[in-house]
Amino acid sequence: MSTAPDLKFAFGNFNYICSTVSLTLCPLVGDADGIEPICYSRNVRLVDTLIFQPSTLIVHFIALIMTAIMIYHIRSKYTAVGRKEIIMFFYLYMLVTLMDLLLISGIIPTSSELYPYLTGAHLGLISATFWCLLLNGFVGFQFAEDGTPLSLWSIRISSFVVFLSVAFLSIATFQKIGPFDPLHPVALWVVFFIFNGAALCIYVILQIVLVVNTLDDRWPLGDIVFGIGFFAVGQVILYVFSLDICNFAKHYIDGLFFGTISTLLSVMMVYKYWDSITKEDLEFSVGSKQNVWEVKELLGEDEMANGGLYGHHQGGQGYGGFGGGGASPASGAYGQAHFYDERY
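Counting from 1, one number per residue, gives the positions in the sequence shown under full-length UniProt numbering.
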């Protein structure tokens, strides 16, 4: 049975973290051959290919499906505030999940020459996702009107700059370019934990201020609490209890499985929170078509109650009824009323 690593958590050092959980950067830092976790989920063979973390791989597929559903619902709210801004966050999360799926599962092996570059892109996407979420936290304050080029392109360009910067830093660290060293990846550690964590904390604070100061409804605070709770629990399981889970489950699952689930749940709470604080202008929404059809049906019932198209009038004074009275000028050749002529 595996035992806990004889290592301690240290600032700027991935040794303890990578010996506990298998991150995409672990084979590239801390040692000439990388750092391998003491206990990790067992692999399976699929078409002559070893697939690592199969249980986590299933969660990644579920995350892709759920993200696609959330994006569809966001796109259907045509007049909701911040719709175009928040959807960029979910596109980035989908890309992160896809890259995670390819790298952690071993579909792209660590021996591949592309692995360091794809891992750098993966870390850049993670930081860009947190940055995009942070900027979405300012949308509700209307510093720039949502949906305008200023609002959209400021998020797109700055997120792309963050992606390029972190990707370059990661690749330079892996390849030992300039002052960056894979044996001492302090700058990468700071970005991975402090920069990303600060962006998330600022977003949460901004949303709490937004709900308390501008909204009458306090229920969205529950979505924020659940979202940050899911994320915090996932991080604790990932970095603290992964070895215990792996040993207890006999290598079938580890902390990465529960960490991925918790991250998905926290992202779903971001969607739930955004949906709860945005209202759509029903005058321009697709759903208002149902109301139009209901009005037409009610008009039809009223018209039938008033005589319908043939307009039989009691007492023989009708608009060309078959029982008595001649056809009025508003009647057709067969005593049929010109309905639209009378109405307009």
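C-beta: ideal position from N, C-alpha, C; glycine also.
As the structure is a computational prediction, the values presented were derived from the model and not from experiment.
Span of the alpha helix (DSSP H) holding T49? Taken as a continuous stretch (DSSP letters only), T49 belongs to no alpha helix (DSSP H), being part of the beta strand (DSSP E) at 49-51.
Let me make sure I understand the geometry here. Which of L206, G259, E113 has the alpha-carbon closest to that of F230? G259
Can you tell me the Cα-Cα spacing of F11 and W189, whole angstroms? Answer to the nearest angstrom: the Cα atoms are 8 Å apart.
Distance CB(I17)-CB(Q53) smaller than 8 Å: no
In angstroms with no decimal places, state the Cα-to-Cα distance between I177 and Y252. 38 Å
Selected residue, minimal CA-CA separation from F180, among F241, V29, K8: It is V29 whose Cα lies nearest to the Cα of F180.
Limits of the unbroken beta strand (DSSP E) element including L46: 44-46
Return the residue from the list K272, I245, I108 that minimises the CA-CA distance to L221. Nearest in C-alpha terms to L221, of all of K272, I245, I108, is K272.
Anyone know if the C-beta pair for H122 and M94 falls short of 8 Å? no
Taking the alpha helix (DSSP H) that S55 belongs to, which residues open and close that run? 54-76
What does the Cβ neighbour count give for Q207, buried or exposed, with the cut at 16 atoms within 10 Å? Residue environment analysis places Q207 among the buried positions, since at least 16 neighbouring C-beta atoms fall within 10 angstroms of its C-beta.
Going by the CB atoms, is the gap between S266 and G255 shorter than 8 Å? no
Could you check whether N13 and I126 sit closer than 8 Å to each other, using their CB atoms as the reference points? no
Between L210 and V191, how many whole angstroms is the CB-CB distance? I'm expecting something under 8 Å. Incorrect: roughly 27 Å between the Cβ atoms, too far for contact.
Flag this pair as yes or no: are the beta carbons of T278 and K77 separated by less than 8 Å? The answer is yes: Cβ separation under 8 Å.
Does the stretch 223-237 touch the stretch 58-68, meaning 3 or more C-beta pairs lie closer than 8 Å? The stretch 58-68, when compared against the stretch 223-237, does not touch it at the 8 Å Cβ threshold.
Measuring straight from C-alpha to C-alpha, what distance separates I245 and A167? 32 Å
So the alpha helix (DSSP H) T119 belongs to, where does it begin and stop? In the DSSP assignment, T119 falls within the unbroken alpha helix (DSSP H) covering 115-139.
Just tell me which of E145, H184, C39, T263 has its CA closest to the CA of D31. H184 is the residue among E145, H184, C39, T263 whose C-alpha sits nearest the C-alpha of D31.
Can you tell me whether F195 is helix, strand or coil according to DSSP? Three-state DSSP puts F195 in a helix.
State yes or no: is the C-beta of I108 within less than 8 Å of the C-beta of Y117? no
Would you mind sorting R83 into buried or exposed? The rule is 16 or more other CB atoms within 10 Å of its CB. Under this definition R83 is a buried residue.
To the nearest angstrom, how far is it from the Cα of V240 to the Cα of T49? 31 Å
For L138, does the count of other Cβ atoms within 10 angstroms reach 16, so buried, or fall short, so exposed? The question names Leu, but residue 138 in the sequence shown is Phe. So F138 ends up on the buried side.
Using three-state DSSP, classify T158 as helix, strand or coil. Here the sequence assigns Ser to residue 158, which means Thr is not the residue at that position. Reduced to three states, the DSSP call for S158 is helix.
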